[in-house]
Structures are given as C-alpha cells and as structure tokens.
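What follows is one structure encoded as structure tokens, with my remarks underneath.
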Amino acid sequence: MSRFAKILKAVRPGNVGNVRVILLSVFAATTFWFFNALNENYSTTLQYPLEFIYDRDDYIAVDPIPENVQINVSGLGWNLFRNSLGIKVSPLEIRLDDPTEVKRIVAASVPSLISDQLDELQLNYVLTDTLFLNIDYRTSKKFKLLIDSTNISLEDNYRIINPVRFTPDSVELEGPSGVINDLPDSILVGIPQKAIDENFNEEISINLPNGRLIRRNPPTVNVVFGVEEFLNREVMIPLKIENIPDKAYIETESVKVSYKVRASFAEEIAESEIKAVADFNTMDQSDSTILPFVKEYPEKITDVELDTTRIKVFFNE
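By the count of this note's numbering, the sequence shown reaches residue 317 at its end, each step adding exactly one.
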C-alpha cells in the first residue's frame, strides 16, 4: 500500500484519534518552523512611529505633524515581527529646538536623528523622501463679537421685532500666530437655525476658519431676539381731494391700500386712521394725471402701498 493511501486510511471517519494526532503534529511542526524562522536575520520595510519633541505651550502645529516614517531595517525576525505589529514599539523622537525654523526634514538627515534609537534593529536606508512641518508660535488675542443679523433665516412673513442682544460681546482666541493675526478685528457670528418662527434664545458656536487650530474662550455666545408673524392686509380707503381747481374733477372715490401688521396688533388698527390723498398741485400737465399717495397711517403698520396707478383728471367745459 502506498504512503498516500495509508494517510487516507488514517483520516477515515472511524479513525478520529489518528486525525487528532495528525493535526497536532502539523500544528507542532508549523509552530516550530515559525519560531525557528523568527530567530533568523531579515531585511524589511516598516512604517515606524515618530514623535516630535518641542515646547507645546509656546508652539502649535498649523498642519498635522507626520506620525511615521518609512524605513528599511535589518534584524532578527522576531524583532521585525514585533515592530510590524506595533507591540511595545517606542516612537522615534525628533527634537526641535526652534520649531518655527524647521519646515522640512529631508531623508538624508533622518538617519542621524533616529539611528541610535533603533536598539534591536539596524537602519539600512530611509524611504520617506521628506518630512514636512508647519509649526508656529502660540498666541492669544481678544476680539469683538458681532451678530450677522442681516442673514438670520426667518419663516415666511415673520420678522425680528426688537434689537438682537448677545453676551458676551468679545471672545479670546488662542492659536497659531499667523492664523490669529490674519483674523479681522471683529468676529461675525452667524445664526445657523433656519425658518425661525418663535422668540429666539440660543447658545451659538463661534465658528472660525481653521477652527480646529483655535481655542475659543468662551466657545459660544448667547443670542436673544423676538420674532412675530406679520399679517398682510388690504383695505379700501376713501380718497381725499386737495387743491382742486374749478371745473376739475376725478371719478375715483376710493383706493386700495395694502400693509403689513404684527399679528398681536392686527385688531388695533382702524381703517379710518389711514389717509389717502390726491393733490391737484402734483398733476402732470402733459397728460392731466395725478399720482395719489398715503398721507397718514398708524405707526404700528409697515410696508404701506397704494394699489392704484395715476388717476385721470377731467375738466368741465
């Protein structure tokens, strides 16, 4: 019987004990081979973690700091395996005495910075071409706050009915010197809520360009204002004639006036308080027409308009 046939016979369903023995033997052989292989020397490429050491109280990174460097190293298989999994790997430290002056670190200078930190590995060469840095002085400055009230989004027919109030009126910003100094003297805060239809009292975040780099104190501003619906109204108003000459007349007795009024004031408005006038002193001599106008109306209404074109003036013979 061939050796292959003997193996097939051994793994038949009835020979469960033999199958276990074979599997354990394969596992043991594989484990032995694996650990034996890890004791040999190899060369490989690794993404090795980096840590830049500098005074973070006085300096701040404008762009993300490189977190690793790609290097080719030699060493025992076990050390390479451990590093590839990130097990107990201490990052390579690069010290920066004056971070604002270092904008890039080229590959040629990396070995001198990190080679003595690779205790169990030998550095062959660096694959990362250049490490780019953008670190600035950390500074703080106080800015005046303004609310962008012209772009507040209100529901249709709703309006702001009192001054927009907010506290505090200033904010202290801390971040990279270049970013902070490029900001305007006043910070405009926008209201993100849409279609507002009720009185507003909210904490609004102070959003800024490059916001991830800037610490805000405080981070929000409290904004308060009242809103109310304004109703559309149309009424027919008697037309008063002024300075009418002899033998002149017009055939229009009333005009339509439209206006807006706060819902809470709607019942207080009397049509008699609205005065529409046609003044003959304003007559256009070229076509004998007068443009009427609203002379008086209550203070509680707004957007007052006459829905009337020019009125024709007639003269008796």
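All C-beta atoms, glycine included, are put in the ideal place defined by N, C-alpha and C.
None of the values given here were measured: they were computed from a predicted structure.
Secondary structure at residue i, three-state DSSP: helix, strand or coil?
{"i": "Ile-206", "result": "coil"}
{"i": "Gly-211", "result": "helix"}
{"i": "Asp-282", "result": "Per the sequence presented here, residue 282 reads as Thr, with Asp not at that position. In this structure, Thr-282 counts as helix in the three-state DSSP scheme."}
{"i": "Val-73", "result": "strand"}
{"i": "Pro-49", "result": "strand"}
{"i": "Thr-150", "result": "helix"}
{"i": "Thr-100", "result": "helix"}
{"i": "Glu-268", "result": "helix"}
{"i": "Phe-34", "result": "Note on Phe-34: pLDDT 45, under 50, position unreliable in the model; the coordinate value appears next. In this structure, Phe-34 counts as helix in the three-state DSSP scheme."}
{"i": "Glu-229", "result": "strand"}
{"i": "Glu-198", "result": "coil"}
{"i": "Glu-273", "result": "helix"}
Starting from the C-beta of residue i, find all residues in its chain whose C-beta is less than 6 Å away, skip the five residues before and the five after it, and write them out in chain order.
{"i": "Ile-191", "result": "Ile-152"}
{"i": "Thr-302", "result": "Lys-260"}
{"i": "Phe-314", "result": "Tyr-249"}
{"i": "Tyr-94", "result": "It is worth fixing the name first, because residue 94 is Ile in this sequence and not Tyr. Phe-52 and Leu-113, listed in sequence order."}
{"i": "Val-110", "result": "Val-126"}
{"i": "Val-224", "result": "Arg-165 and Asn-201"}
Specify, as a first and last residue, the run of the alpha helix (DSSP H) that residue i falls within.
{"i": "Asp-182", "result": "177–182"}
{"i": "Ser-112", "result": "110–114"}
Starting from residue i and walking both ways along the beta strand (DSSP E), at which residues does that stretch end?
{"i": "Ile-161", "result": "Neither: Ile-161 is in no beta strand (DSSP E) and is coded neither H nor E."}
{"i": "Leu-145", "result": "135–147"}
{"i": "Asp-246", "result": "It is not in any beta strand (DSSP E) - Asp-246 carries neither H nor E in the DSSP assignment."}
{"i": "Ser-254", "result": "254–262"}
{"i": "Tyr-125", "result": "122–126"}
{"i": "Ser-186", "result": "186–189"}
{"i": "Lys-300", "result": "Looking at the DSSP string, Lys-300 is not in any beta strand (DSSP E), and its letter there is neither H nor E."}
{"i": "Tyr-59", "result": "59–61"}
{"i": "Arg-165", "result": "165–167"}
{"i": "Thr-130", "result": "130–132"}
{"i": "Arg-310", "result": "It is not in any beta strand (DSSP E) - Arg-310 carries neither H nor E in the DSSP assignment."}
{"i": "Arg-56", "result": "Note, Arg-56: premise wrong, no beta strand (DSSP E); not H, not E."}
{"i": "Leu-92", "result": "92–95"}
Kindly indicate which residue of the options has the alpha-carbon position closest to the one of residue i.
{"i": "Asn-316", "options": "Asn-243, Glu-203 and Ala-248", "result": "Ala-248"}
{"i": "Leu-154", "options": "Pro-218, Glu-101, Val-227 and Tyr-125", "result": "Val-227"}
{"i": "Phe-132", "options": "Phe-166, Ala-107 and Glu-296", "result": "Ala-107"}
{"i": "Arg-310", "options": "Leu-113, Asp-58 and Leu-291", "result": "Leu-291"}
{"i": "Ser-170", "options": "Leu-306, Asp-307, Asn-217 and Val-257", "result": "Asn-217"}
{"i": "Phe-265", "options": "Leu-231, Ser-286, Ser-43 and Asn-68", "result": "Leu-231"}
{"i": "Leu-239", "options": "Ile-250, Arg-95, Asn-68 and Glu-202", "result": "Ile-250"}
{"i": "Tyr-297", "options": "Asn-134, Glu-242, Ser-258 and Asp-307", "result": "Ser-258"}
{"i": "Asn-134", "options": "Arg-233, Lys-141, Pro-64 and Val-110", "result": "Pro-64"}
{"i": "Gln-193", "options": "Ser-186, Ile-301 and Glu-203", "result": "Glu-203"}
{"i": "Val-261", "options": "Glu-229, Ser-109 and Val-235", "result": "Glu-229"}
{"i": "Lys-300", "options": "Arg-233, Ser-288 and Pro-176", "result": "Arg-233"}
{"i": "Arg-159", "options": "Ser-149, Phe-166 and Pro-168", "result": "Ser-149"}
{"i": "Lys-141", "options": "Asp-197, Asp-156 and Arg-215", "result": "Arg-215"}
{"i": "Asp-98", "options": "Glu-305, Phe-52, Leu-183 and Val-224", "result": "Phe-52"}
{"i": "Phe-166", "options": "Asn-222, Phe-200, Leu-123 and Leu-188", "result": "Asn-222"}
{"i": "Glu-271", "options": "Val-235, Pro-245, Thr-289 and Val-255", "result": "Val-235"}
{"i": "Asp-197", "options": "Leu-213, Lys-256 and Asp-156", "result": "Asp-156"}
Quick one: what's got a C-beta closer than 7 Å to residue i's C-beta in the same chain, skipping five residues either side?
{"i": "Ile-87", "result": "For Ile-87, the predicted structure reports a pLDDT of 48, less than 50, and the residue's modelled location is therefore unreliable. A value from the coordinates is still provided. Closer than 7 Å at Cβ, skipping near neighbours: no residue."}
Using the C-alpha atoms, what's the distance from residue j back to residue i?
{"i": "Glu-253", "j": "Met-283", "result": "17 Å"}
{"i": "Thr-139", "j": "Gly-211", "result": "15 Å"}
{"i": "Gln-117", "j": "Pro-91", "result": "9 Å"}
{"i": "Thr-45", "j": "Leu-146", "result": "54 Å"}
{"i": "Ile-161", "j": "Lys-144", "result": "25 Å"}
{"i": "Ser-43", "j": "Ile-105", "result": "24 Å"}
{"i": "Ile-241", "j": "Val-277", "result": "6 Å"}
{"i": "Ser-115", "j": "Ile-206", "result": "46 Å"}
{"i": "Tyr-48", "j": "Leu-96", "result": "19 Å"}
{"i": "Lys-312", "j": "Gln-285", "result": "11 Å"}
{"i": "Gly-178", "j": "Val-126", "result": "32 Å"}
{"i": "Asp-287", "j": "Pro-163", "result": "47 Å"}
{"i": "Glu-67", "j": "Phe-200", "result": "45 Å"}
{"i": "Phe-293", "j": "Leu-188", "result": "40 Å"}
{"i": "Asp-325", "j": "Thr-289", "result": "The structure shown does not extend to residue 325, since the chain is modelled only from 1 through 317, so no value can be given for it."}
{"i": "Ile-274", "j": "Leu-208", "result": "49 Å"}
For residue i, I'd like the list of residues in its chain whose CB is within less than 8 Å of its CB, leaving aside the five on either flank, ordered along the chain.
{"i": "Asp-57", "result": "Arg-138"}
{"i": "Asn-281", "result": "Glu-242 and Asn-243"}
{"i": "Glu-101", "result": "none"}
{"i": "Thr-220", "result": "Glu-203, Ile-204, Ser-205 and Ile-206"}
{"i": "Lys-103", "result": "Phe-132, Leu-133 and Asn-134"}
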